[in-house]
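The block underneath contains the structure these notes are about, expressed in structure tokens.
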Amino acid sequence: GEGSYSLDSSYKVVTDNDRYLCLRIDTTIVMASGAQSTKIFTIDKTTGKQLSLKELFKDRPEMLSSITANIKEQMASQMAADDSVSYFYNSDMPEDDFKELTGDESFYFNEEGLLVIAFDEYEVAPGYMGAVEFTIPSSVAGTF
48 GEGSYSLDSS YKVVTDNDRY LCLRIDTTIV MASGAQSTKI FTIDKTTGKQ LSLKELFKDR
108 PEMLSSITAN IKEQMASQMA ADDSVSYFYN SDMPEDDFKE LTGDESFYFN EEGLLVIAFD
168 EYEVAPGYMG AVEFTIPSSV AGTF
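Heads up, the sequence shown is in the working numbering, so the first residue is 48 and it goes up one at a time.
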């Protein structure tokens with residue numbers, strides 16, 4: 048027989064400045080349970096090409112490690128401040144914990160020009176947390 052299925056997808060321009068255009072696509076798929084995902088296409092207007100985190104920091108590859116460390120600090124801080132917040136970090140199952148950025152994660156620049164890293168539901172946190180984002184301070188990644 049036919050089952051129940053729901054698909055909801057929307058888009059939004061989250062950055063449009065002199066240098067970058069970031070188009071965000073949010074999708075929720077429901078088939079008995081749901082999964083929320085975010086894909087952000089970041090375009091470098093000077094080249095007209097899609098930009099990955101790896102490419103953004105190609106001249107400073109150590110930045111991915113610095114940003115990873117900051118995300119882990121934010122996770123630990125949020126979990127310490129609120130018992131209802133949980134991430135796959137410092138857990139009872141370290142093999143499943145968030146280890147590091149690959150450079151292929153979705154990202155955009157917010158209104159203040161700060162880098163924001165977006166993760167899909169279940170990627171770095173339990174499903175009840177939904178899709179999560181981390182704003183990286185300018186002291187870590189600079190401004191864009």
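Using N, Cα and C, we set each Cβ at its ideal position, and we do this for glycine too.
As the structure is a prediction and not an experimental result, all values here were calculated from the model.
(request) Within the same chain, show all residues whose beta-carbon is closer than 6 Å to that of Val179, passing over the 5 residues directly before and after it, in chain order. (result) Residues of the same chain with a CB within less than 6 Å of the CB of Val179, apart from the 5 flanking positions on each side, are Phe166 and Ala172 in chain order.
(request) Determine the DSSP secondary structure at Ala178, reduced to helix, strand or coil. (result) If DSSP states are grouped into helix, strand and coil, Ala178 belongs with coil.
(message) Helix, strand or coil for Lys59? Go by DSSP, reduced to three states.
(response) Lys59 falls in the strand class under three-state DSSP.
(message) Could you compute how far the alpha carbon of Leu54 sits from the alpha carbon of Met140?
(response) Spanning the two alpha carbons is a distance of roughly 32 Å.
(message) If you reduce the DSSP assignment to three classes, tell me which class Thr89 lands in.
(response) Of the three classes helix, strand and coil, the one that applies to Thr89 here is strand, per DSSP.
(message) Nearest by alpha-carbon distance to Glu159: which of Leu98, Thr74 and Ala188 is it?
(response) When only C-alpha atoms are compared, the closest one is Ala188.
(message) Less than 8 Å between the C-beta atoms of Phe156 and Leu148, yes or no?
(response) Going by C-beta atoms, Phe156 is not nearer than 8 Å to Leu148.
(request) Within the region 77-130, note down every full alpha helix (DSSP H) run reaching 4 residues or more, in order along the chain. (result) Taking 4 residues as the shortest admissible run, the region 77-130 contains the following complete alpha helix (DSSP H) segments, listed from N- to C-terminal end: 100-103 and 109-128.
(request) Under 7 Å Cβ to Cβ from Thr115, same chain only, skipping five residues before and after it: list those, please. (result) Excluding positions up to five away in sequence, the list reads Glu147 and Leu148.
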